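Visitor: The structure is given below, and queries will be raised subsequently.
Written out as structure tokens, the structure is:
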């Protein structure tokens, strides 16, 4: 009999150990406004500037580049300058949104953000890959935002 | 003892499922493209891969017209013929997204589930329904201003009997794309050309 009495006690210890070891004692609603980087940092590596004011050309090239990268275009709007797509690759599926706006008399600003594995992608190198592909497709160099 | 028995049951089921899933995948007679996706690293999500160009060729055809409106109308008509509903349409950019919900029950999976049920006495989830999408982008051919390029991507999301997402995949059977483009050619009274 004695060995059965201990089971709830042991499981309580085990569960509390699990919870504390994960450090996960937090409200999952906090994910609404969370980010590992500051907004300024985020914008700097998610954005590039191109020396053109042809917004339509930029948006169309963004669409073509996303297709080449394996994204399925789900939504696009020229007036607002937004393109969204999903990449379906089972465990590595990803969602991406790219915005395009004319920045001044000579330049257009492009900003991309990607989420994957239930997290927003915050690795500057991954965004760099996108801008390398986009720059090639546009025959233009992608500048960092100054 | 009971827990150990349960655990070993689940281990067996897991081995069985992973094995059948693997043989299902390799038995699909698919091209190398889907293998490449399986191996894709999360960090490579925005990198062009070796099969990007092959994929582009399969998904793209060139038509000698610059009448975008006519091409969009033909594409929308084709999607309707196949039971798709239009989710998004942006004529300025030539973007059309259609989708449809369909059953996704496959005889092979049902048989495997029944077998597992009989042998181990547990129910395993099988694919039940799917959301199939067709995303089409129409644009001017870069090298030829008298032609229009049509690129289509088919994909699907599949949910199982537990209502969990079991598959999220691009459909890569070349026949699907050939069929779509041959229908589009007929509808436009134009011949399609490969890039």
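Protein chains in written order, with the working numbering: chain A, 4 to 149; chain B, -11 to 183.
Even glycine gets a Cβ: it sits at the ideal position worked out from N, Cα and C.
Note that this is a predicted model, so its numbers are computed, not measured.
(1) Taking Cβ-Cβ distances below 9 Å as the criterion, which residues of the stretch 102 to 126 of chain A are in contact with chain B?
(2) So is residue 85(B) in contact with chain A if we call contact Cβ pairs under 8 Å?
(3) Alpha carbon to alpha carbon, how far is residue 88(A) from residue 100(A)? Give it in angstroms, no decimals.
(4) Between residue 117(A) and residue 129(A), is the Cβ-Cβ spacing less than 8 Å?
(5) Report yes if the CB atom of residue 123(B) is closer than 8 Å to the CB atom of residue 52(B), and no otherwise.
(6) By the 10 Å Cβ neighbour count, where 16 or more other Cβ atoms means buried, how is residue 41(B) classified, buried or exposed?
(7) Using a Cβ cut-off of 8 Å (strictly closer), state whether residue 64(B) contacts chain A.
(8) If we ignore side chains and look at the alpha-carbon of each, how far apart do residue 21(B) and residue 103(B) end up?
(9) Does the distance between the C-beta of residue 39(B) and the nearest non-hydrogen atom of the ligand FMN fall short of 7 Å?
(10) How many whole angstroms separate the CB atoms of residue 158(B) and residue 91(A), which I take to be in contact at a CB cut-off of 8 Å?
(11) Within 8 Å (strictly less), CB to CB, does residue 91(A) reach chain B?
(12) Report all residues from its chain with a CB closer than 8 Å to the CB of residue 59(A); omit the five preceding and five following residues, and keep chain order.
(13) Going by C-alpha distance, which of 153(B), 66(B), 120(B) and 121(B) is nearest residue 113(B)?
(14) Out of 45(A), 93(A), 140(A) and 43(A), which has the shortest C-alpha to C-alpha gap to residue 120(A)?
(15) How many whole angstroms separate the CB atoms of residue 109(A) and residue 84(A), which I take to be in contact at a CB cut-off of 8 Å?
(16) With a threshold of 8 Å between beta-carbons, can residue 145(A) be considered close to chain B, or not?
(17) Closer than 8 Å is the cut-off here; do at least three beta carbon pairs connect the stretch 80 to 87 of chain B with the stretch 115 to 134 of chain B?
(18) I'd like to know if residue 184(B) contacts chain A, where contact means its C-beta is closer than 8 Å to some C-beta of that chain.
(19) So if I threshold CB-CB distances at 7 Å, which residues from the stretch 132 to 162 of chain B count as touching chain A?
(20) Under a three-way DSSP split, which group does residue 105(B) fall into?
(21) Our contact map puts residue 133(B) next to residue 62(B) with C-beta atoms below 8 Å; I'd like the distance itself, whole angstroms only.
(22) Please confirm whether residue 145(A) and residue 68(A) have their CB atoms less than 8 Å apart.
(23) Please report whether the beta-carbon of residue 80(B) lies at a distance below 8 Å from any beta-carbon of chain A.
(24) Taking residue 72(A) as the query, report the chain B residues whose CB atoms sit under 9 Å from its CB, ordered along the chain.
(25) Can you list, in chain order, the residues of its chain with a C-beta nearer than 7 Å to that of residue 116(B)? Leave out the 5 residues immediately preceding and following it.
(26) Taking C-beta pairs closer than 7 Å, name the residues in chain B that residue 133(A) reaches, listed in chain order.
(27) Look up residue 11(B) in the DSSP assignment and say whether it is helix, strand or coil.
Guide: Reading off the structure:
(1) Listed by position, the residues of the stretch 102 to 126 of chain A near chain B (Cβ gap below 9 Å) are 115, 117, 119, 120, 124 and 126.
(2) Taking the first residue of the second chain as position 1, residue 85(B) is located at position 97. The beta carbon of residue 85(B) sits closer than 8 Å to some beta carbon of chain A.
(3) By 1-based counting over the first chain, the position of residue 100(A) is 97. By 1-based counting over the first chain, the position of residue 88(A) is 85. Roughly 7 Å between the two C-alpha positions.
(4) As a first step, residue 117(A) is located in the first chain; it is residue number 114 there, counting from the start. As a first step, residue 129(A) is located in the first chain; it is residue number 126 there, counting from the start. Contact: yes.
(5) In the second chain, residue 123(B) corresponds to position 135, counting from 1. In the second chain, residue 52(B) corresponds to position 64, counting from 1. Not closer than 8 Å, so no.
(6) Locating residue 41(B) in the second chain gives position 53, where the first residue counts as 1. Residue 41(B) is exposed by the Cβ-count criterion.
(7) Looking up residue 64(B) in the second chain gives position 76. Cβ-Cβ to chain A under 8 Å: no for residue 64(B).
(8) Residue numbering aside, residue 21(B) sits at position 33 when the second chain is read from its first letter. Residue numbering aside, residue 103(B) sits at position 115 when the second chain is read from its first letter. For residue 21(B), the predicted model reports a pLDDT of 47, less than 50, meaning its position is unreliable and no value from the coordinates is stated.
(9) The ligand FMN is not part of this structure, which contains no ligands at all.
(10) Counted from its first residue, the second chain places residue 158(B) at position 170. Counted from its first residue, the first chain places residue 91(A) at position 88. Indeed, because the Cβ distance is near 5 Å, the residues count as touching under 8 Å.
(11) As a position in the first chain, residue 91(A) is number 88, starting the count at 1. Proximity of residue 91(A) to chain B, defined by a Cβ-Cβ separation below 8 Å, is satisfied.
(12) The residue given as residue 59(A) occupies position 56 in the first chain. So the list reads 81, once near-sequence residues are dropped.
(13) Within the second chain, residue 113(B) is the residue found at index 125, counting from 1. For residue 113(B), the nearest C-alpha among the options comes from 153(B).
(14) Against the first chain, residue 120(A) aligns to sequence position 117. Checking every option, the nearest Cα to that of residue 120(A) belongs to 93(A).
(15) Position 106 of the first chain, counting from 1, holds the residue named residue 109(A). Position 81 of the first chain, counting from 1, holds the residue named residue 84(A). Wrong, their Cβ atoms sit about 17 Å apart, outside the cutoff.
(16) For this step, residue 145(A) is matched to residue 142 along the first chain. It does not: the Cβ of residue 145(A) has no partner Cβ on chain B nearer than 8 Å.
(17) yes
(18) Since the displayed chain B opens at -11 and closes at 183, residue 184(B) lies outside it and no answer follows.
(19) Those residues of the stretch 132 to 162 of chain B that come within reach of chain A (Cβ to Cβ, closer than 7 Å) are 139, 141, 143, 155, 156, 157 and 158.
(20) Stepping through the second chain from its first residue, residue 105(B) is reached at position 117. Under the three-state reduction of DSSP, residue 105(B) is assigned to helix.
(21) As a first step, residue 133(B) is located in the second chain; it is residue number 145 there, counting from the start. As a first step, residue 62(B) is located in the second chain; it is residue number 74 there, counting from the start. Not quite, the Cβ-Cβ distance comes to about 20 Å (not below 8 Å), so this is no contact.
(22) As a working note, residue 145(A) is residue 142 in the first chain. As a working note, residue 68(A) is residue 65 in the first chain. No. Outside cutoff.
(23) Within the second chain, the letter at position 92 stands for residue 80(B). Cβ-Cβ to chain A under 8 Å: yes for residue 80(B).
(24) Position 69 of the first chain, counted from the first residue, corresponds to residue 72(A). Result: 33, 34, 35, 36, 37 and 40.
(25) Numbered from 1 along the second chain, position 128 holds the residue referred to as residue 116(B). Excluding residues within five positions, the ones whose Cβ falls inside 7 Å are 92, 93, 147, 148 and 149.
(26) Looking up residue 133(A) in the first chain gives position 130. Chain B residues near residue 133(A): 34.
(27) Taking the first residue of the second chain as position 1, residue 11(B) is located at position 23. Because residue 11(B) sits at a pLDDT of 41, beneath the cut-off of 50, its placement in the model cannot be relied upon, and the point is left open.
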